[in-house]
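Have a look at the structure below, then the notes.
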Amino acid sequence: MPDFLKIMQQAQQMQSKLAQVQGELEQRTVTATAGGGMVTVTADGKGTITQVRIDPSVVNAADVEMLEDLLLVALRDAQKKATDLAKEEMGKLTGGLDLPFKLPF
Numbered sequence: 556m557p558d559f560l561k562i563m564q565q566a567q568q569m570q571s572k573l574a575q576v577q578g579e580l581e582q583r584t585v586t587a588t589a590g591g592g593m594v595t596v597t598a599d600g601k602g603t604i605t606q607v608r609i610d611p612s613v614v615n616a617a618d619v620e621m622l623e624d625l626l627l628v629a630l631r632d633a634q635k636k637a638t639d640l641a642k643e644e645m646g647k648l649t650g651g652l653d654l655p656f657k658l659p660f
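Written out as structure tokens, the structure reads:
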């Protein structure tokens, strides 16, 4: 029975560390750009977009599609960077194990 108690304690410690890492990820930021910096998107470490900046020179009523494309590229890149950051931080917690479940965010 002592082994079971030890496993439960380790699970509780892991859960506590997981909550701590998630809180830290909310405080971290990633930034992505598109169009040579004409569009900049910032997200927190959990992938929530927190800011979008658009260079005024890109705003052209005759070419809205280009602006949409730039936004899409920057948004996707910011979310990918946030996902990569979360995987890196969780990897530190799990000792590099690639756990078979999706992170809770």
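Per our numbering, the sequence shown starts with residue 556, numbered consecutively. We put the CB at the ideal spot given by N, CA and C, even for glycine.
- With the rule of 3 Cβ pairs closer than 8 Å, the region 594-608 counts as touching the region 568-582.
- Within the model, the alpha-carbon separation for MET563 versus LYS642 is close to 24 Å.
- In the DSSP assignment, ASP599 forms a beta bridge with THR584.
- The C-alpha of GLY590 is placed about 14 Å away from the C-alpha of ASN615.
- The C-beta distance from GLU644 to VAL576 rounds to 5 Å, short enough to fall under 8 Å.
- Around GLN634, the same chain offers GLY602 as residues with beta carbons nearer than 6 Å, after the five sequence neighbours per side are excluded.
- With respect to THR597, THR588 sits apart: the two C-beta atoms are not nearer than 8 Å.
- Here DSSP, grouped into helix, strand and coil, assigns VAL594 to strand.
- Judged by DSSP in its simplified three-state form, VAL614 adopts coil rather than helix or strand.
- Its Cα nearest to that of VAL607, the residue ALA629 stands out among GLN568, VAL613, ALA629 and THR649.
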